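Okay, so here's the structure we're looking at.
Residue numbers (the numbering used here): 197 to 859.
Listed below in structure tokens is the structure:
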């Protein structure tokens, strides 16, 4: 589909907004251009979401204007949404094509009307012909004949399974409902997408899919996000809101952060030099203004100072949360043990056969698609859920738990101050200690009496973290702790976790947050839990191997390593295998070689079959001729994934056995 946009898509001119006499924005202006990828950043509460609502005309500014040319469409994804009714995932998603359906219905109405009319020369007949032409032009622009195919691919990309399509939205959590809304927006392809924390409810693979999609999106995007890696991978422009002003940089977030600091450092240096000059001139004026011989010169310098354009330093908000976790009491060597652990709801098994040991001081990341059981496992550990098998807490283990949804752990009717007072004990319960802790998490006197239910997502997250510090623990379990934290708060949390001397389990989709924080990764996938040794970067590097060609590269590397092993072992002593044992291993070696050859042939055939199917998918009539094409494509892809996994396992056995036989 081809879209044509003006160079300037939307402009905001001298926008001002105030609440209770306090300026949120003061005379800010901003232009959004075609193909812009804008990251809207700033601390929680500076007005990012308000700015989006002003663009959408959901909220009126006190002064200023927003100019959106006729015909331009803006799509919006809020942080929270509620679906009502009994619509299915599929029927709700297809609402994205309401304009196409309306145009097609009107087309049919006009075609029917034209068959009965004979007033070919009338103005009304000409008008309806013009309307028909406009409909066809619009349909040519927005309808590529693949609406259902695109809907299916987007839903699959966002993590839904085909069997989910016919389920009611009400059966899904709020996070999955948000994905449906995101799918609709993607399929509508508005000229400008406004996204408020789009990754909050997505898992890692859905985020990576979304990154690839947004890179090719034909319209413009403005997003609020606290996911630095997501911003860096998508945006080409960063707009920061600080104390009612905006600062615009034509770079992604990480580069913006560097340029902003360089700019402020330069401003400070220029300001200091200017102040030295001003002080020198003022001393001269003060010294000689009363002397007749110098009075004229002093007056000239005074006029020069009056005309001097003073250097100003861009405002920055240096406030940040400050905390460290209390020292961890010593626990036993084994902190958490699972043996044949299982969780099922009725006939639906979430996971089974789970075995692991987590030892004192280890730092574990739980990753995987949503719905695979990460949070369920966490709830079983803390006693909120019960399953089968063994899941045992070690000796002297004290758990500190941060839940994904703070509404479940914070009393919504309680005030900010009372939440901490109720959780505090001993010396911490003193009012000055309570308020000092709240101050460390950026809650001031104006916030003490606020009820939890009126707090923003970021404020609730900070309050939950503050509460977590009141009880010393040696096993910290954090379920999506960064969802509503701004970038500065996330950095502080990461620093505190890196300094924590206990054991850590963190569920997160935030790759940048996990980098350098964990050293083992537990992947929850298809009812199993697979352990990966190494950092999240190691895990993602393996995760991205998606084509057999890459597996071929891995095979070539393995073969080189095998050849090297042959050279090294030729001079070594015989392994001591008996003739019978050697014959058995040679038989196994031949069997593995044949298995690898057969798998490689199957993989090549599957890849060719997939390529043929994908070529046919470009034909709008293909889906009509074969309605099951997409299901067949998925089946072949699934079998291909299984064969490649099996090929890798057999290859490792083959390599090990070859090494033994060469000795």
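Beta carbons are placed, not taken as given, at the ideal position from N, Cα and C, and that holds for glycine.
Since we're looking at a predicted model, the values are computed, not measured.
With a beta-carbon spacing of about 7 Å, residue 645 and residue 613 fall inside the 8 Å limit used to define contacts. As the crow flies, the alpha-carbon of residue 349 is around 39 Å from that of residue 659. The DSSP-derived three-state label of residue 547 is strand. Remark: C-beta atoms of residue 731 and residue 706 do not approach each other more closely than 8 Å.
Distances from the alpha-carbon of residue 421 to those of 308, 793, 235, 483 put 235 closest.
When 226, 650, 655 are compared, the shortest CA-CA separation from residue 635 is found for 655. When the alpha-carbon of residue 506 is set against those of 473, 494, 527, the nearest one is in 473. A Cβ-Cβ contact shorter than 8 Å links residue 652 with residue 241. Your pair residue 576 and residue 583 checks out as a contact, with CB atoms roughly 5 Å apart and the cut at 8 Å. Pairing residue 624 with residue 524 gives a Cβ-Cβ distance that is not under 8 Å.
Taken atom to atom, the span from the alpha-carbon of residue 268 to that of residue 253 is near 14 Å.
Taking 8 Å as the cut-off, the beta carbon of residue 527 is found no closer than this to the beta carbon of residue 538. Assigned with DSSP and collapsed to three states, residue 538 falls in strand. Counting only residues of its own chain and dropping the five nearest sequence neighbours on each side, residue 521 has a CB closer than 6 Å to the CB of 692, 696. Between residue 578 and residue 560, the gap from beta carbon to beta carbon reaches 8 Å or more.
In this structure, DSSP gives residue 728 an extended state, which the three-state scheme calls strand. Boundaries for residue 358: no alpha helix (DSSP H) harbours it, and the DSSP string shows neither H nor E there. Linking residue 214 to residue 806 through their CA atoms gives a straight-line distance of about 57 Å. Secondary structure of residue 681 (DSSP, three-state): coil. Shown here, residue 670 sits in coil according to DSSP, grouped into three states, outside any helix or strand. Residue 504 counts as exposed, since fewer than 16 other C-beta atoms from the protein chains shown sit within 10 angstroms of its C-beta. For residue 439, the secondary structure class from DSSP, reduced to helix, strand or coil, is coil. Note on residue 304: under 16 other CB atoms within 10 angstroms of its CB, so exposed under the neighbour-count rule.
Between residue 395 and residue 382, the beta carbon gap of about 14 Å keeps them out of contact (Cβ cut-off 8 Å). Assigned with DSSP and collapsed to three states, residue 692 falls in helix. When only Cα atoms are considered, residue 833 and residue 264 end up about 44 Å apart. Sorting 508, 803, 248 by C-alpha distance to the C-alpha of residue 463 places 508 at the top.
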